[in-house]
Ligand SMILES: Cc1ncc(C[n+]2csc(CCOP(=O)(O)OP(=O)(O)O)c2C)c(N)n1
Ligand SMILES: [Mg+2]
């Protein structure tokens with residue numbers, strides 16, 4: 162395993178054409194700027210019947226903003242890890258950990274609890290999707306003789322698996338879309354996360370709009386707590402298409 166790029170490669174002495182590195186760096190910077198521009202123009206959410214729903218990337222931005230270099234951040238699979246990768250612009254990053262797990266979304270609550278118990282001097286936050294949370298909700302159970310972890314779980318709740326809407330079968334023009342997609346891939350569940358948390362004796366706050374986001378994230382308190390953030394699922398595919406198109410234009414216009 163390489164823990165860093167070998168010095169020989171960093172110095173560009175392996176035969177890369179002149180200007181290759183600079184061109185890629187310029188393209189990378191242009192892509193990041195294009196992403197920020199789309200997200201800034203979109204605002205933090207999308208109006209819905211239930212009020213302004215926070216978008217996934219807007220939540221990732223808020224999580225990144227409250228994560229300090231001395232913190233640890235456990236990131237769930239699926240969109241959370243991808244959204245964070247798109248939007249995080251840290252000068253000094255927190256310790257970021259992600260768990261590939263057996264198949265991806267398993268064991269994330271237990272992993273985050275273990276990280277919090279193992280790093281008591283860091284503020285530990287986990288950022289994960291609703292299905293990832295539900296898959297390992299048993300990880301909230303703490304035996305009454307066991308140590309208590311100080312852990313904030315930020316759950317991006319879009320009532321299902323939104324990543325699938327960005328894949329081929331999530332295409333609105335797919336012939337089976339209407340009958341099959343929601344049941345097989347979207348998998349809405351309607352679980353009351355507040356009631357689940359109450360059953361485990363875990364503090365729970367619900368954030369429904371952009372305004373409440375930063376204050377809720379910034380005040381984790383002692384013990385395990387859940388910040389449930391209602392996130393828009395319906396606009397996910399269109400937003401990712403918009404981001405991809407903007408990045409393509411920006412990279413083409415750069416020197417690459
Ligand atoms: C143990 C396991 N089961 C199933 C999957 C397939 N899978 C990948 S992403 C995903 C949906 C995750 O949903 P959620 O955590 O709510 O994140 P979202 O896609 O909504 O961002 C599923 C079921 C997996 N990766 N791991
Ligand atoms: Mg989800």
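Residue numbers (our numbering): 162 to 417.
We put the CB at the ideal spot given by N, CA and C, even for glycine.
### Message
Given a cut-off of 8 Å on the beta-carbon distance, is the pair residue 269 and residue 253 in contact?
### Response
Within the chain shown, residue 269 is the residue found at index 108, counting from 1. Within the chain shown, residue 253 is the residue found at index 92, counting from 1. No, these two residues do not count as a Cβ contact at 8 Å.
### Query
Under 7 Å from any heavy atom of ligand 1, does the C-beta of residue 290 make it?
Counted from its first residue, the chain shown places residue 290 at position 129. Within the cutoff, so yes.
#### Entry: Residues that DSSP places opposite residue 386 in a beta bridge
As a first step, residue 386 is located in the chain shown; it is residue number 225 there, counting from the start. In the DSSP output, where bridge partners are listed per residue, residue 386 has 313, 364.
### Task
Taking only heavy atoms of ligand 1 into account, decide whether any of them is closer than 7 Å to the Cβ of residue 260.
For the purposes of this step, residue 260 is taken as residue 99 along the chain shown, with counting starting at 1. No.
### Message
Using a Cβ-Cβ cutoff of less than 6 Å, which residues in the same chain neighbour residue 355 once the five nearest sequence positions on both sides are dropped?
### Response
Within the chain shown, numbered from 1, the residue matching residue 355 stands at position 194. Result list for residue 355: 365, in chain order.
### Query
Of the choices 191, 251, 164, whose alpha-carbon is the least far from that of residue 408?
Numbered from its first residue, the chain shown carries residue 408 at position 247. Minimum Cα distance to residue 408 is reached at 191.
### Message
Taking only three categories from DSSP, how would you classify residue 248?
### Response
Here residue 248 is taken as the residue at index 87 of the chain shown, counted from 1. Note: residue 248 maps to helix in three-state DSSP.
### Message
According to DSSP, is residue 189 part of a helix, a strand, or is it coil?
### Response
Reading the chain shown from its first residue, position 28 is the one you call residue 189. Residue 189 falls in the helix class under three-state DSSP.
### Query
Given that a residue counts as buried once 16 or more other Cβ atoms are within 10 Å of its Cβ, and exposed if not, what is residue 350?
Numbered from its first residue, the chain shown carries residue 350 at position 189. Looking at its Cβ environment, which holds fewer than 16 other Cβ atoms inside 10 Å, residue 350 is exposed.
### Task
Assuming residue 271 and residue 290 form a contact by the criterion Cβ under 8 Å, report the distance between their Cβ atoms to the nearest whole angstrom.
Translated into positions along the chain shown, residue 271 becomes position 110. Translated into positions along the chain shown, residue 290 becomes position 129. Going by Cβ atoms, the distance from residue 271 to residue 290 rounds to 16 Å, so no, they are not a contact pair.
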